[in-house]
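Participant:
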Amino acid sequence: MALITQTQVIDAPIDRVFDTVIDVGNYAAWNPTITAARRLDEGELHDGSRFEWQLKGFGVAIQEFQEFERNARVRFVLQTRRYFGAHRFRFSEQGRGTRIDHELEMVPRGILRLLWPMIARNGRRNLRQTVEALQTYIEGTRPALPRTTRRL
1 MALITQTQVI
11 DAPIDRVFDT
21 VIDVGNYAAW
31 NPTITAARRL
41 DEGELHDGSR
51 FEWQLKGFGV
61 AIQEFQEFER
71 NARVRFVLQT
81 RRYFGAHRFR
91 FSEQGRGTRI
101 DHELEMVPRG
111 ILRLLWPMIA
121 RNGRRNLRQT
131 VEALQTYIEG
141 TRPALPRTTR
151 RL
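For what it's worth, this note's numbering labels the leading residue of the sequence shown as 1, then goes sequentially.
(1) Helix, strand or coil for G95? Go by DSSP, reduced to three states.
(2) Please determine if the stretch 59-78 and the stretch 36-49 are in contact, where contact requires at least 3 C-beta pairs separated by less than 8 Å.
(3) Report the residue from T98, L3, V21 whose alpha carbon sits nearest the alpha carbon of T130.
(4) Within the same chain, show all residues whose beta-carbon is closer than 7 Å to that of G95, passing over the 5 residues directly before and after it, in chain order.
(5) With DSSP as the reference, label R70 as helix, strand or coil.
(6) Going by other Cβ atoms of all chains shown within 10 Å of its Cβ, with 16 needed for buried, is R151 buried or exposed?
(7) Report the residue from D19, L55, E64, A72 whose alpha carbon sits nearest the alpha carbon of L40.
(8) Looking at the structure shown, is T33 part of a helix, part of a strand, or coil, going by DSSP?
(9) Using 8 Å for Cβ pairs, my map puts R14 next to T98. What's the rounded Cβ distance?
(10) Starting from F51, trace the beta strand (DSSP E) in both directions and tell me its first and last residue.
(11) Quick one: Cα of R125 to Cα of T35, how far?
(12) With a threshold of 6 Å on Cβ separation, who are the neighbours of A86 within its own chain once the five nearest residues in sequence on each side are excluded?
(13) Just the C-alpha distance for F51 and R88, rounded to the nearest angstrom, thanks.
(14) Nearest CA to the CA of H102: which residue from T141, R121, Q54, L134?
(15) At what residues does the alpha helix (DSSP H) containing D11 begin and finish?
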């Protein structure tokens, strides 16, 4: 298993940052690693809420929320026969901004274990791109993506 971590501070209130992170149906509008997104259930978001993303270089992935605690943390979990992955976001106030501590867990299974070095490298790159895109999207420093996106 690999645990890849990164920390960022976004110049926006914690509730705005948290709401952006949990708006899973909108990820394709700003995240360069996701080309399409949709929520699979309805109602208020909570532990067990499910969604589907089209991930660049990976295909369709169904994920669910775990550890959902408003304005504190949330974990996105992906589990397939060949791969387990999770992205934990921990939120804390930092002055007028919000600190996010990211933890990306990746566990390839079966034949994918042979590709581990490439998977870890891609995971680090994807996390870095997600962190940069989230900051850009929320702070509005420049357009998040210079391409069109679609919803699943």
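Ideal Cβ placement from N, Cα and C applies to all residues, glycine included.
Just so we're clear, the structure is a prediction, and the values are computed from it rather than from any experiment.
Facilitator: Inspection of the coordinates gives the following:
(1) Coil, per DSSP.
(2) Yes, they touch.
(3) Scanning T98, L3, V21 for the CA closest to the CA of T130 turns up V21.
(4) If you ignore the 5 residues before and after G95, its C-beta comes within less than 7 Å of no other C-beta in its own chain.
(5) If DSSP states are grouped into helix, strand and coil, R70 belongs with coil.
(6) Low confidence applies here, because R151 scores a pLDDT of 41, under 50, leaving its location unreliable; read the following figure in that light. So R151 counts as exposed.
(7) Of all alpha-carbon atoms in D19, L55, E64, A72, the one lying nearest the alpha-carbon of L40 is that of E64.
(8) Three-state result, T33: coil.
(9) Per the sequence shown, residue 14 should be read as Ile rather than Arg. Indeed, because the Cβ distance is near 5 Å, the residues count as touching under 8 Å.
(10) Element bounds for F51: 50-55.
(11) Distance from the CA of R125 to the CA of T35, rounded to the nearest whole angstrom, comes to 16 Å.
(12) Hits under 6 Å: R75, V77, E105.
(13) The alpha-carbon atoms of F51 and R88 are separated by roughly 16 Å.
(14) Comparing Cα positions, the closest option is L134.
(15) Annotation for D11: no alpha helix (DSSP H) segment contains it, and DSSP assigns it neither H nor E.
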